[in-house]
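A.B. asks:
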Amino acid sequence: MVKFTKLSTLLASAALAVSGAAAFAADYTLTISSWAPPTHGINAKMWPKFVEMVEEATDGKVTAELKLGIAPPPAQMDLIQDGAADASIIFHGYQPGRFVTTKLIELPGYEGSAEAASVAYWRAYENYLSKANEHRGVKLIALHTHGPAQLHSNAAVTDMSQISGLKVRIPGGVGGDVGAALGATGIKVPAPKVYETLASNAADGVVMPFESRKGFKLTEVAKNVYEVPGGLYRGSFAFIMNEDTFADLPADIQAALDEKVFGEPLSREIGKIWDEIDGIGREATQSTDGNAINAASDADLEKFNAIAEEVRAKVLAEVAEAGIDAQAAYDQIKSDMAAN
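Throughout the sequence shown, residue numbering follows mature numbering (1 follows the signal peptide of the UniProt record, and there is no 0), covering -25 to -1, 1 to 315 in sequence.
(1) Look at the alpha carbon of G148 and the alpha carbon of Y103, and state the distance between them as a whole number of angstroms.
(2) Expressed to the nearest angstrom, what Euclidean distance is found between the alpha-carbon atoms of I65 and S187?
(3) Exposed or buried, P47, counting other C-beta atoms within 10 Å across all chains shown (16 or more means buried)?
(4) Whole angstroms are fine: how far does the CA of A50 sit from the CA of F214?
(5) Taking DSSP as the reference, what is the three-state secondary structure of residue 401?
(6) For F212, which residues does DSSP report across the bridge?
(7) Could you spell out where the alpha helix (DSSP H) holding I245 opens and where it closes?
(8) Threshold first: 4 residues or longer. Then list the alpha helix (DSSP H) segments lying entirely within the segment 70 to 116, N to C.
(9) Can you give the Cα-Cα distance for I145 and G206, rounded to whole angstroms?
(10) Counting Cβ pairs closer than 8 Å, one from the segment 224 to 236 and one from the segment 95 to 112, do we hit at least three?
(11) For A91 and A124, what's the separation of their Cα atoms in angstroms?
(12) Let me make sure I understand the geometry here. Which of I252, G265, G84 and T6 has the alpha-carbon closest to that of E195?
(13) Between the segment 6 to 18 and the segment 35 to 43, do three or more beta carbon pairs fall short of 8 Å?
(14) If contacts are defined as beta-carbon pairs under 8 Å, then F74 and E109 qualify, I think. What distance do you get, rounded to the angstrom?
(15) Can you give me the C-alpha to C-alpha distance between A1 and D61, rounded to a whole angstrom?
(16) Do you know whose CA, among E30, T77, P23 and V37, lies nearest D209's CA?
(17) Does the beta-carbon of Q261 have 16 or more other beta-carbons within 10 angstroms, so that it is buried, or is it exposed?
(18) Taking 6 Å as the limit between beta carbons, can you name the residues of its chain near K114, skipping five residues before and five after?
(19) Following the continuous beta strand (DSSP E) through A124, name the residue where it begins and the one where it ends.
(20) Should S139 and G151 be called a contact, given that it needs their Cβ atoms to be closer than 7 Å?
(21) Please list, in chain order, all residues of the same chain as H15 whose beta carbon is under 7 Å from its beta carbon, the five residues on each side excluded.
(22) For the putative contact between W22 and G238, defined by C-beta atoms under 8 Å, what is the C-beta separation to the nearest angstrom?
(23) Does DSSP classify residue 319 as helix, strand or coil?
(24) Kindly identify the DSSP beta-bridge partner or partners of Y305.
(25) Alpha helix (DSSP H) containing I268: first to last residue?
(26) Taking the alpha-carbon positions, what's the H67 to L118 distance?
(27) Can you give me the Cβ contacts of A313 inside the same chain, cut-off strictly under 6 Å, excluding the 5 residues immediately before and after it?
(28) Take Q302 as the anchor and find which of D311, L291, M135 and E296 has the nearest alpha-carbon.
(29) Taking 6 Å as the limit between beta carbons, can you name the residues of its chain near I255, skipping five residues before and five after?
(30) Let me know if P204 comes out buried or exposed under the rule of 16 or more other beta-carbons within 10 Å of its beta-carbon.
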């Protein structure tokens, strides 16, 4: 368990502190662990939004400070469970086998923004996915997805058949299923390592959303994007919190956070930011000399739709095996996304 400390001063570095003006009056300071680069939207926009919402909901009694590099991405779940930090962001695909129901939101073929997907995701979790209890040991405070993931490579890919045989960084989850179906050789590399992996030619490409063009500087090492409408998959993320940290807060603060921040409100706001930084990544690509976006042809889309259907059937079966009404959850996600 992480003990709280009285906050008397703001940290000088904006890159390492996300506490706002209310910090001077805060009674409790949460420690946030993050694995993304300092300027990535996760740290530059998402955690500041989290802190803003927390401070507003608690009248400034709770704030947070951001610490980078405490542990690599796959270790964040255990880090929070053990109390080495109070809150973090996790990517479910980094821990294959530990999370199964989270693959449902990653399926190709959903239509809608990351905001709509994130809201639909949280609602499906409340109604169906929570029964699997996959986040046991931590307090789940938000669920969200990035935007549609595309293939980024230095050599231009203009036909889906060219993906077969490529060495591609794929993060796991549904992304791994799709990559295998396309004939790519999957390489497991955490997101912070993609730049050096591409720069050293250890991989031919990566599958990530458009925000990575800016967030991970892909405009420098993967000058071409092969774009499929709706993406090859959507990545599943969660904001999590140490259970003892939350339990040690006064009851009125717990109630305020649960009502005004955690769950759908935070999931929606983080989804909005994923959409925003996707737009920034696309603009960076279009404005950088030598970069190009190559749209999938109608023939490729027909091929991919067949692959997507096979992947959906596989994932729905996996989720059903976990004791979840997978079809009902999938149908609700599609319905909620269409309504948002």
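Just so it is clear, CB atoms sit at the ideal spot from N, CA and C, and this is done for glycine as well. Values in this document were obtained by computation on a predicted structure and should not be read as measured data.
C.D. replies: This is what the structure gives:
(1) Numbered from 1 along the sequence shown, position 173 holds the residue referred to as residue 148. Numbered from 1 along the sequence shown, position 128 holds the residue referred to as residue 103. Cα atoms of G148 and Y103: separation of roughly 19 Å, rounded to the nearest angstrom.
(2) Residue 65 sits at position 90 when you count from the first residue of the sequence shown. Residue 187 sits at position 212 when you count from the first residue of the sequence shown. Taking the straight line from one Cα to the other gives about 17 Å.
(3) Position 72 of the sequence shown, counted from the first residue, corresponds to residue 47. Residue environment for P47: exposed (fewer than 16 other C-beta atoms within 10 angstroms of its C-beta).
(4) For the purposes of this step, residue 214 is taken as the residue at position 239 of the sequence shown. For the purposes of this step, residue 50 is taken as the residue at position 75 of the sequence shown. Separation of F214 and A50 (C-alpha to C-alpha, rounded to the nearest whole angstrom) is 14 Å.
(5) Past the edges of the chain, shown from -25 to 315, lies residue 401, and the structure says nothing about it.
(6) Here the question's residue 212 lines up with position 237 in the sequence shown. F212 is bridged to F66 and H119.
(7) Residue 245 sits at position 270 when you count from the first residue of the sequence shown. Counting along the chain, the alpha helix (DSSP H) containing I245 begins and ends at E239 to Q261.
(8) The alpha helix (DSSP H) runs of length 4 or more contained entirely in the segment 70 to 116 are, from start to end of the chain, 89 to 102.
(9) Here residue 145 refers to the residue found at position 170 of the sequence shown. Here residue 206 refers to the residue found at position 231 of the sequence shown. Whole-angstrom Cα-Cα distance: 14 Å.
(10) With a cut-off of 8 Å, the segment 95 to 112 and the segment 224 to 236 do not count as touching, because too few Cβ pairs lie within range.
(11) Counting from 1 along the sequence shown, the entry for residue 91 is found at position 116. Counting from 1 along the sequence shown, the entry for residue 124 is found at position 149. Annotation: A91 to A124 spans about 16 Å, alpha carbon to alpha carbon.
(12) Counting from one through the sequence shown, the residue named residue 195 turns up at place 220. It is G265 whose Cα lies nearest to the Cα of E195.
(13) Because the criterion of three Cβ pairs below 8 Å is met, the segment 6 to 18 and the segment 35 to 43 touch.
(14) Position 99 of the sequence shown, counting from 1, holds the residue named residue 74. Position 134 of the sequence shown, counting from 1, holds the residue named residue 109. Confirmed, about 5 Å.
(15) Stepping through the sequence shown from its first residue, residue 1 is reached at position 26. Stepping through the sequence shown from its first residue, residue 61 is reached at position 86. A direct Cα-to-Cα measurement between A1 and D61 gives close to 16 Å.
(16) For the purposes of this step, residue 209 is identified with residue 234 of the sequence shown, where counting begins at 1. According to the sequence as given, residue 209 is Arg; it is not Asp. For the options E30, T77, P23 and V37, the alpha carbon positioned closest to that of R209 is the one of T77.
(17) Along the sequence shown, one-based indexing puts residue 261 at 286. By the 10 Å Cβ count, Q261 comes out exposed.
(18) Locating residue 114 in the sequence shown gives position 139, where the first residue counts as 1. Answer for K114: M216, E218 and F221, listed in chain order.
(19) Start at 1 with the first residue of the sequence shown, and residue 124 comes out as number 149. That run of the beta strand (DSSP E) goes A124 to S128.
(20) Residue 139 sits at position 164 when you count from the first residue of the sequence shown. Residue 151 sits at position 176 when you count from the first residue of the sequence shown. Judged by their CB atoms, S139 and G151 are not nearer to each other than the 7 Å cut-off.
(21) The residue you call residue 15 lines up with position 40 of the sequence shown. Cβ neighbours of H15 within its own chain (closer than 7 Å, five residues either side excluded): G190.
(22) Taking the sequence shown and counting its residues from 1, one reaches residue 22 at position 47. Taking the sequence shown and counting its residues from 1, one reaches residue 238 at position 263. About 17 Å separates the beta carbons of W22 and G238, which is beyond the 8 Å limit, so they are not a contact pair.
(23) Outside the displayed range of the chain (-25 to 315) lies residue 319, so it cannot be described from this structure.
(24) By 1-based counting over the sequence shown, the position of residue 305 is 330. Y305 is not bridged by DSSP to any residue.
(25) Within the sequence shown, numbered from 1, the residue matching residue 268 stands at position 293. Where I268 is concerned, there is no enclosing alpha helix (DSSP H), although the beta strand (DSSP E) it sits in stretches over A267 to A270.
(26) Translated into positions along the sequence shown, residue 67 becomes position 92. Translated into positions along the sequence shown, residue 118 becomes position 143. Going by the C-alpha atoms only, they are around 10 Å apart.
(27) Here residue 313 corresponds to residue number 338 of the sequence shown, with the count starting at 1. Within the same chain, A313 has no close Cβ partners at all.
(28) Here residue 302 refers to the residue found at position 327 when the sequence shown is read from its first residue. Minimum Cα distance to Q302 is reached at L291.
(29) Taking the sequence shown and counting its residues from 1, the one referred to as residue 255 is at position 280. Residues of the same chain with a CB within less than 6 Å of the CB of I255, apart from the 5 flanking positions on each side, are K189 in chain order.
(30) Indexing the sequence shown from 1 puts residue 204 at position 229. Classification for P204: exposed.
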